[in-house]
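In our numbering, the protein residues as written are 4 to 187.
Take a look at the structure set out below.
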């Protein structure tokens, strides 16, 4: 029921892992299971075994960043085909960290077997690491960029219009009022 030298039961550990898969936070799981958040994190860490190096890099990779512990940004890459297995997660998204990860773990020949990499718009390091690779920009990031740009333009225009009812709008309103009175 409980491993020797441990205080948390196997059933509790299974419950913690189940709740973690459901997306409940570590503090939420700790509150429900009456244990500490650090125990929850330790249980999850023991269950998740991330490899530092796969035997063979997939031919097609996906790279992205995500917000991780303490609101820092981490780097993740996965197999773009099949079941989209995570290949590795790096503690940060710095170009130096990413370059060192690939350069220290995979030879030039191994990296040359990668045919394509799906990325966001911030991937200046790819050509140096993967010389024979087609770079594919993720359409989600393109749509996000266009939406953000249009939103900023709209906000800028609204601010301009609201600046003391800028002169152009006042002139237009005056002209419209004069024209509408002329037709009465």
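Where a beta carbon is used, it is the ideal one built from N, C-alpha and C, also for glycine.
The beta carbon of residue 40 lies closer than 7 Å to those of 29, 30 and 33 in the same chain, with the five residues before and after it left out.
Rounded to whole angstroms, the gap between the alpha carbons of residue 129 and residue 98 is 10 Å. The beta carbon of residue 93 sits closer than 8 Å to the beta carbons of 77, 78, 79, 100, 101 and 104 from its chain, once the five residues preceding and following it are set aside; these are given in chain order. In the same chain as residue 73, and ignoring 5 residues on each side of it, no C-beta atom comes closer than 8 Å to its own.
Annotation for residue 71: 77 place their beta carbon closer than 7 Å to its own, counting only its chain and skipping 5 residues before and after.
Burial is judged here by how many other beta carbons sit within 10 angstroms of a residue's own beta carbon; residue 4 has fewer than 16 and is exposed. CA-CA distance, residue 91 to residue 65, rounds to 11 Å. Taking all protein chains in view, the Cβ of residue 156 is surrounded by fewer than 16 other Cβ atoms within 10 Å, so the residue is classified as exposed.
For residue 64, DSSP records a beta bridge to 82 and 120. Cα atoms of residue 161 and residue 154: separation of roughly 11 Å, rounded to the nearest angstrom. With contacts defined as CB atoms closer than 8 Å, residue 117 and residue 136 qualify as a contacting pair. Of the residues assessed, residue 69 falls on the exposed side of the cut-off, its CB having fewer than 16 other CB atoms within 10 angstroms. Pairing residue 119 with residue 139 gives a Cβ-Cβ distance under 8 Å.
Short of 7 Å from the beta carbon of residue 134, and not among the five residues preceding or following it, lie these beta carbons of its own chain, in chain order: 115. Distance from residue 51 to residue 36 at the Cβ level is roughly 18 Å; contact not present, criterion being Cβ atoms closer than 8 Å.
For residue 91, the enclosing beta strand (DSSP E) begins and ends at 89-93. Linking residue 57 to residue 141 through their CA atoms gives a straight-line distance of about 24 Å. Per DSSP, residue 59 lies in no beta strand (DSSP E) segment and is marked neither H nor E.
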